[in-house]
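For the sequence shown, the working numbering assigns the number 6 to the initial residue and increments by one for each residue that follows.
Note that beta-carbon positions come from the ideal geometry of N, C-alpha and C, so glycine has one too.
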Amino acid sequence: MVTLAEVAKAAGVSPSTVSYVLSGKRSISEPTRQRVEEAINELGYHPNAGARALAGKRSHIIALVVPLRTDVYVPIMMEIAISVTMAARQFGYDVLLITNDEGPDGVRRVARSGLADGVILMDVQLDDPRIAVLRETGTQAALIGLPRDARGLACVDHDFARAGALCAEHLAGLGHREVAFIGYSPAVYQRHSGYAERTLTGFQEAAQELGLRVLHRPCEGTYESTAGALSRILADRPGTTGFVVQNEGAIGPLLSLLRTSGRVVPEDASVVALCPEPLADQFSPRLTAVTGPARELGTRAVELVMSRLDGRPTDEVTLLTPVLTPRESSGPAPVT
């Protein structure tokens, strides 16, 4: 392992000068700084995290609180986590993963230990109890999600309310008047997950303005739960011709169940999904889908944390614009 002394020898400076370049505690001339940085890159030197914390009062670690639940879509969460890690490395930071099953206590532990310089929260609830800990401890943080009260917080999220509205507008434009929304499991709504509640609210409000009759049915995402949701929808509203699906696990079962019930997609029933584009392209017919850039969420969250750590507090809410891409799963409402 390359040592600080070896970097100093290669750069022709003292070990303390290398330390000052790394910590930024003293002003170093630009030529000297360049020599040190070139030596660091050539030798592949990686400062010890503990030493960096003592020298610069920073750990150069960001804690990412990731959801550990069976009712979240893991590929999206992993994509966000990877983008956070890659963006953090651009700032010379590493990422410590914390699972959200620790709740507020986990955030408090990280904040009080000095283990991480900042925190990024995922799977944000409308009244998330972890936010009180961030405010109490003064932790520099960014939220990938939008709570009910975002005052004093830096948040980035998809505009889920607009995403829900896009689904209603698309189906209404095709002449559908009876529409069902198949959502996540009841537990997701019981804990008031922002992405689920905001999507549903946006859909319902737009549907009301457009004169649509709508039903919302939670669903666990299994074949059996999807069959039960569809059965209830058709029993309550047999004239339903449009389906919006936010639960990724329910998409395949719904398409299969519609076929076995004699309903051809999109001639008899249109399906619009809120899901990533690669998933939309996997099904037959290819899904009309509302999507958003998952990687941008992670990148922007890191930028917000770094801005706060650099003394530039950023109290803002950034909502990424969703896009609806029409494909083969939606079409004009059947003429009756």
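Distance between glutamate 174 and histidine 221 (C-alpha atoms, nearest Å)
Cα-Cα distance, rounded: 16 Å.
Could you give the DSSP three-state label for arginine 167: helix, strand or coil?
Helix.
Assigned secondary structure, glutamine 287 (DSSP; H/G/I helix, E/B strand, else coil)
The three-state secondary structure of glutamine 287, taken from DSSP, is coil.
Straight-line CA distance for tyrosine 194 to proline 271?
Approximately 29 Å, taken between the alpha carbons.
Just to confirm the assignment, what range does the alpha helix (DSSP H) spanning glutamine 195 have?
Residues 191 to 195.
From valine 405 to threonine 144, what does the alpha carbon distance come to, in whole angstroms?
Because residue 405 is not part of the residues shown, which for the chain are 6 to 341, the question remains open.
Which of helix, strand or coil does DSSP assign to valine 112?
Residue state, collapsed to three classes: helix.
Helix, strand or coil: how does DSSP classify alanine 58 here?
Because the pLDDT at alanine 58 is just 49, under 50, the model does not fix this residue reliably, and the point stays unresolved.
Mind checking who isoleucine 66 pairs with in its DSSP beta bridge?
Beta-bridge analysis with DSSP links isoleucine 66 to Asp99.
If contacts are defined as beta-carbon pairs under 8 Å, then arginine 291 and serine 335 qualify, I think. What distance do you get, rounded to the angstrom?
Not a contact, Cβ separation roughly 10 Å.
Per DSSP, cysteine 160 is paired with what?
Paired residue(s): Leu148, Val322.
Do the stretch 316 to 330 and the stretch 297 to 305 touch if we need at least three Cβ pairs shorter than 8 Å?
Touching, per the Cβ criterion.
So is leucine 59 buried or exposed if we call it buried at 16+ other beta carbons inside 10 Å?
For leucine 59, the predicted structure reports a pLDDT of 46, less than 50, and the residue's modelled location is therefore unreliable. The matter cannot be settled from this model.
Express the C-alpha separation of aspartate 128 and valine 32 in angstroms, rounding to a whole number.
This sequence places serine at residue 32; valine is not what is there. Looking at the two C-alpha atoms, the distance is approximately 41 Å.
Per the DSSP calculation, threonine 330 is bridged to which residue(s)?
Its beta-bridge partners are Ala294.
Within 8 Å, do at least three Cβ pairs link the stretch 107 to 115 to the stretch 130 to 150?
Judged by Cβ distances under 8 Å, the stretch 130 to 150 makes contact with the stretch 107 to 115, as three or more pairs qualify.
What is the DSSP secondary structure of serine 19, reduced to helix, strand or coil?
Correct three-state label for serine 19: coil.
Could you check the C-alpha separation between glutamate 282 and isoleucine 87 for me, to the nearest Å?
Rounded to the nearest angstrom, the gap between the Cα atoms of glutamate 282 and isoleucine 87 is 18 Å.
Proximal residues to glutamate 43 (C-beta, below 8 Å), its chain only, five neighbours per side dropped:
Annotation for glutamate 43: Ala16 place their beta carbon closer than 8 Å to its own, counting only its chain and skipping 5 residues before and after.
Under a three-way DSSP split, which group does leucine 309 fall into?
If DSSP states are grouped into helix, strand and coil, leucine 309 belongs with the helices.
What three-state label does DSSP hand valine 41 in the structure shown?
Reduced to three states, the DSSP call for valine 41 is helix.
By alpha-carbon positions, which one of Leu262, Pro331, Leu314, Ile45 ends up nearest to histidine 4?
The structure shown does not extend to residue 4, since the chain spans only 6 to 341, so no value can be given for it.
Going along the chain, which residues of its own chain have a beta-carbon closer than 7 Å to the beta-carbon of tyrosine 89, five neighbours each way excluded?
Looking at the sequence itself, residue 89 is valine, so the reference to tyrosine does not match. Leu69, Val100, Ile125, Gly303, Ala306, Val307, listed in sequence order.
When the Cα atoms are used, what is the spatial distance from alanine 10 to tyrosine 98?
In a straight line, the C-alpha of alanine 10 is about 22 Å away from that of tyrosine 98.
Three-state class that DSSP yields for leucine 279 in the structure shown
In this structure, leucine 279 counts as strand in the three-state DSSP scheme.
Whole angstroms is fine: what's the gap from isoleucine 280's alpha carbon to leucine 48's?
A small correction: the amino acid at residue 280 is cysteine; isoleucine does not occupy that position in the sequence shown. Each residue's alpha carbon lies about 44 Å from the other.
Does the stretch 158 to 170 come within contact of the stretch 227 to 237, defined as at least 3 CB pairs closer than 8 Å?
Result no; under three Cβ-Cβ pairs closer than 8 Å.
Please confirm whether leucine 329 and valine 276 have their CB atoms less than 9 Å apart.
It is not a contact, given that the beta carbons lie outside the stated cut-off.
In terms of alpha-carbon separation, which member of Glu35, Asn46, Val112, Arg38 lies closest to valine 71?
Ranking the options by Cα distance to valine 71, first place goes to Val112.
Can you pull the DSSP bridge partners for phenylalanine 248?
In DSSP, phenylalanine 248 forms a bridge with Ala185, Val276.
Buried or exposed (CB count within 10 angstroms, at least 16 for buried), methionine 83:
So methionine 83 counts as exposed.
Whose C-beta lies closer than 6 Å to the C-beta of glycine 150 among residues of the same chain, with five residues either side of it excluded?
Excluding sequence neighbours, glycine 150 sits near Val129, Asp162, Gly199.
Could you pull the DSSP bridge partners for histidine 221 from this structure?
Answer is Phe186, bridged to histidine 221.
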